[in-house]
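Colleague: Numbering-wise (full-length UniProt numbering), the sequence shown opens with residue 1 and increments by one.
Even glycine gets a Cβ: it sits at the ideal position worked out from N, Cα and C.
All values reported here derive from a predicted model rather than from experimental measurement.
Quick one: the structure is below, questions incoming.
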Amino acid sequence: MCDINSKKQNYTVICSVDKNGLLEFANFREWSKLKPNSSTISLSVTCTGGGVIKLPWPFRSFNLVRLFVLGCLVQEFFLEVFDPEIIKRIPDKLEHVEIVDTTVEIDFKESMKISVNFSEISAEYKCGPLNLRTYIARNVSVVSVSDLQLQDYRSTHDPSNTCRYKAAELYELSDTNESPKFELPMLTDNLYFPNLKVLNYTNTGHKDIPNELVDWRREFPKLEKLDLSHNHLSRFHFKDVGYGTTPSGYINLQYNNIQSLSETEIESLSLLESALIDIRNNPFNCECNEITYFNQFLLQNDGPAAAGLQAGYEYLWDIKCVQPPRLAGRKISELNKSVLCDADVSIYVAQIATLSTVAILLLIIIILITRYRKDIRIIFFTRLNIILPCQPKEDNAHKRFDAFISYSSADTEWVLRTLAPRLEVEESGFNFKLCLHHRDFEVGSYISDNIISSVENSRHTVLVVSRHFLQSEWCVLEFRTALRQSLLEKRKHMVIILLEDVSLTDVEADFRRCLQTMTYIKADDKLFWDRIRYALAKKSRPVRSSPSVTINTSTVNSDVISVVTS
Numbered sequence: 001m002c003d004i005n006s007k008k009q010n011y012t013v014i015c016s017v018d019k020n021g022l023l024e025f026a027n028f029r030e031w032s033k034l035k036p037n038s039s040t041i042s043l044s045v046t047c048t049g050g051g052v053i054k055l056p057w058p059f060r061s062f063n064l065v066r067l068f069v070l071g072c073l074v075q076e077f078f079l080e081v082f083d084p085e086i087i088k089r090i091p092d093k094l095e096h097v098e099i100v101d102t103t104v105e106i107d108f109k110e111s112m113k114i115s116v117n118f119s120e121i122s123a124e125y126k127c128g129p130l131n132l133r134t135y136i137a138r139n140v141s142v143v144s145v146s147d148l149q150l151q152d153y154r155s156t157h158d159p160s161n162t163c164r165y166k167a168a169e170l171y172e173l174s175d176t177n178e179s180p181k182f183e184l185p186m187l188t189d190n191l192y193f194p195n196l197k198v199l200n201y202t203n204t205g206h207k208d209i210p211n212e213l214v215d216w217r218r219e220f221p222k223l224e225k226l227d228l229s230h231n232h233l234s235r236f237h238f239k240d241v242g243y244g245t246t247p248s249g250y251i252n253l254q255y256n257n258i259q260s261l262s263e264t265e266i267e268s269l270s271l272l273e274s275a276l277i278d279i280r281n282n283p284f285n286c287e288c289n290e291i292t293y294f295n296q297f298l299l300q301n302d303g304p305a306a307a308g309l310q311a312g313y314e315y316l317w318d319i320k321c322v323q324p325p326r327l328a329g330r331k332i333s334e335l336n337k338s339v340l341c342d343a344d345v346s347i348y349v350a351q352i353a354t355l356s357t358v359a360i361l362l363l364i365i366i367i368l369i370t371r372y373r374k375d376i377r378i379i380f381f382t383r384l385n386i387i388l389p390c391q392p393k394e395d396n397a398h399k400r401f402d403a404f405i406s407y408s409s410a411d412t413e414w415v416l417r418t419l420a421p422r423l424e425v426e427e428s429g430f431n432f433k434l435c436l437h438h439r440d441f442e443v444g445s446y447i448s449d450n451i452i453s454s455v456e457n458s459r460h461t462v463l464v465v466s467r468h469f470l471q472s473e474w475c476v477l478e479f480r481t482a483l484r485q486s487l488l489e490k491r492k493h494m495v496i497i498l499l500e501d502v503s504l505t506d507v508e509a510d511f512r513r514c515l516q517t518m519t520y521i522k523a524d525d526k527l528f529w530d531r532i533r534y535a536l537a538k539k540s541r542p543v544r545s546s547p548s549v550t551i552n553t554s555t556v557n558s559d560v561i562s563v564v565t566s
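Have a look at this one:
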């Protein structure tokens, strides 16, 4: 399976793993341990037919300086995350990492464990190899091996941890349009690459310039090449404030979705003196209203010098139209306004006026319906037993419970005396089947397993939020699990009940974003129980209305239904 070539104290290990093969990185590590400390080792692994390599992050092995993985399925990626002694006793010598056409398996339950116990993770694990010179991840995808999908591979960040890659010269993350992406490092935001020369984000699905690349000389003072080609960028803006130590650079924006240049883009070209921006091979649209500013800029200047641009921008005067078909292939610099805007629009004035009037009326109607659509649906459903059309399809009738109630032990009395009786008793008009901690958790199982199972087996998760809730690690874990279930099922899974006002500064980032985008019902809202009932009921069948609740025009406009009481 593996061939070993040696020259003095330099070892090259070349391994081939076939369809049914398995390479244990631990075995390679034991072999490398026997080599002299002054030796250097390179490991190259090529897999065919889905061959597997068990490769735990951060890829440390004795005297390993170069790692190459091609076409493999990587397993046990989180194996050593809570065993820092394994990593600490192995010197960090890895300088070159190249992973190509590879899939990395991530277990959702393991990632949840990391999130809950984040403070126990060592800095060596968070940053990975700090002596890297080159890092290449080309066509590398991340998949979840559990029932729940992994929505964001870098979902856990540590702003207090700083990683400095002083030797790094090349960083490539390319050919990965899927999310999540396999990035390095995983678990921290404070990254410094003082000597990085090449940054390659080719074909990564970017629609906007990342914020850290707008002021790129501040973040990467020695960067010579920034490659953002083959993405979906339609606009760009860069700053150059003199932080860089490299006199020139190259920014590749070819094969994006740039259809015209506005004043902002032209300004970037002129102010960015330390780099050349390449926008060739983009689908320029020469419709009259799209290209006018760029066209006039080219006509008013006969070259880069006259336009105040550095040498190298001569190509701008050779850019050709792609749209519309009548102008395709013609240079923008050779077209005047009469050619670009030759259509006689006077014959369309009456039609445009009529259509505008109709459009305004329709817009007003749509705004009114949109503004009160939630209240209309709720009242029709809970009071009149009428299901309005265009309800989202529910495919969760097989769930064991209607709702899993997540709450702090300090709020037990309100849940058991007020909420649960009203929701479970048939005479109240609700008759929902609830999953409660003290009653329905499986005895003998881990709490985290019970939480995940309860969320998965419930049509909804009701979060009873208070200050006590936010201070409970298990309650926060229940929220994260419910949030991932909402994303997985792509429907309104969570129902949030706010028992008391909480300060946003006391709330973690994910929960804060939820609270900031929701409209709540106060304690005096007469649709309080109607909203809970509407949120939990199966829309395929109406439920018996309760005569004790009156109609109000308060509104809930959110993808996650929220209820507030005090």
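Leaving out the 5 sequence neighbours to the left and right, which residues in its chain are closer than 8 Å to Ile266 when beta-carbon positions are compared?
Modeller: Tyr293, Phe294, Phe297, listed in sequence order.
Colleague: In angstroms, rounded to a whole number, what distance separates the CA positions of Ile14 and Val142?
Modeller: Their backbone Cα atoms lie some 25 Å apart in a straight line.
Colleague: Which of the three DSSP states, helix, strand or coil, is assigned to Asp18?
Modeller: Note: Asp18 maps to coil in three-state DSSP.
Colleague: Quick one, are the C-beta atoms of Trp57 and Tyr125 less than 8 Å apart?
Modeller: In this structure, Tyr125 lies closer than 8 Å to Trp57 by Cβ.
Colleague: In the DSSP output, which residue or residues are listed as bridge partners for Val116?
Modeller: The partner list for Val116 (beta bridge, DSSP) is empty, contrary to what the question assumes.
Colleague: Starting from the Cα of Cys321, find the closest Cα among Gly312, Ile332, Glu314, Ala311 and give me that residue.
Modeller: It is Ile332.
Colleague: Roughly how many whole angstroms lie between the Cα atoms of Ala537 and Lys526?
Modeller: One C-alpha to the other measures close to 19 Å.
Colleague: For Cys2, which three-state DSSP category applies?
Modeller: Strand.
Colleague: Does the structure place the stretch 70-82 close enough to the stretch 435-446 that three or more beta carbon pairs sit under 8 Å?
Modeller: No, the stretch 435-446 is not in contact with the stretch 70-82.
Colleague: With 16 other CB atoms within 10 Å as the buried threshold, where does Cys435 fall?
Modeller: Cys435 is buried by the Cβ-count criterion.
Colleague: Using only CA atoms, which one of Asn10, Ser39, Glu105 lies nearest to Lys54?
Modeller: Considering only alpha carbons, the answer is Glu105.
Colleague: Rounded to the nearest angstrom, what separates Asp18 and Phe59 at their Cα positions?
Modeller: Their backbone Cα atoms lie some 21 Å apart in a straight line.
Colleague: Can you tell me where the alpha helix (DSSP H) holding Gln75 begins and where it ends?
Modeller: Element bounds for Gln75: not the alpha helix (DSSP H) but the beta strand (DSSP E), 73-75.
Colleague: Assuming Glu290 and Gln259 make a contact with CB atoms under 8 Å, what is their CB distance in whole Å?
Modeller: At roughly 6 Å, the Cβ-Cβ gap stays under 8 Å, so Glu290 and Gln259 are in contact.
Colleague: Go through its chain and collect everything with a Cβ distance to Ile275's Cβ below 6 Å, but skip five positions before and after it.
Modeller: A quick correction: the sequence has Ala, not Ile, at residue 275. Only Gly249, Ile251 meet the Cβ criterion.
Colleague: What's the call for Pro129, buried or exposed, on a 16-neighbour Cβ count within 10 Å?
Modeller: Pro129 should be labelled buried.
Colleague: Using a Cβ-Cβ cut-off of 8 Å (strictly less than) and excluding sequence neighbours within five positions of Pro283, which residues of its own chain qualify?
Modeller: These residues qualify, in order along the chain: Asn257, Ile258, Gln259, Val322, Gln323.
Colleague: Checking 8 Å against the spacing of the C-beta atoms, do Ala410 and Phe432 come in under that value?
Modeller: Cβ distance not < 8 Å, so Ala410 and Phe432 don't count as in contact.
Colleague: Cα separation between Val556 and Arg371?
Modeller: Reliability fails at Val556, whose pLDDT of 33 lies under 50, so the model's placement of it is uncertain and the value that follows must be treated cautiously. Roughly 9 Å separates the two Cα atoms.
Colleague: Note down, in chain order, each residue of its chain lying with its Cβ closer than 6 Å to the Cβ of Ile99, except the 5 sequence neighbours on either side.
Modeller: So the list reads Val69, Ala137, Val140, once near-sequence residues are dropped.
Colleague: Roughly how many angstroms separate the alpha carbons of His468 and His398, rounded to a whole number?
Modeller: Their backbone Cα atoms lie some 33 Å apart in a straight line.
Colleague: For the beta strand (DSSP E) containing Ser122, name the first residue and the last one.
Modeller: Here Ser122 belongs to no beta strand (DSSP E), and DSSP marks it neither H nor E.
Colleague: Return the bridge partner residues of Asp227 from the DSSP annotation.
Modeller: Paired residues: Asn200, Asn252.
Colleague: Using 8 Å for Cβ pairs, my map puts Val462 next to Ser406. What's the rounded Cβ distance?
Modeller: Contact flag correct, Cβ pair sits at about 7 Å.
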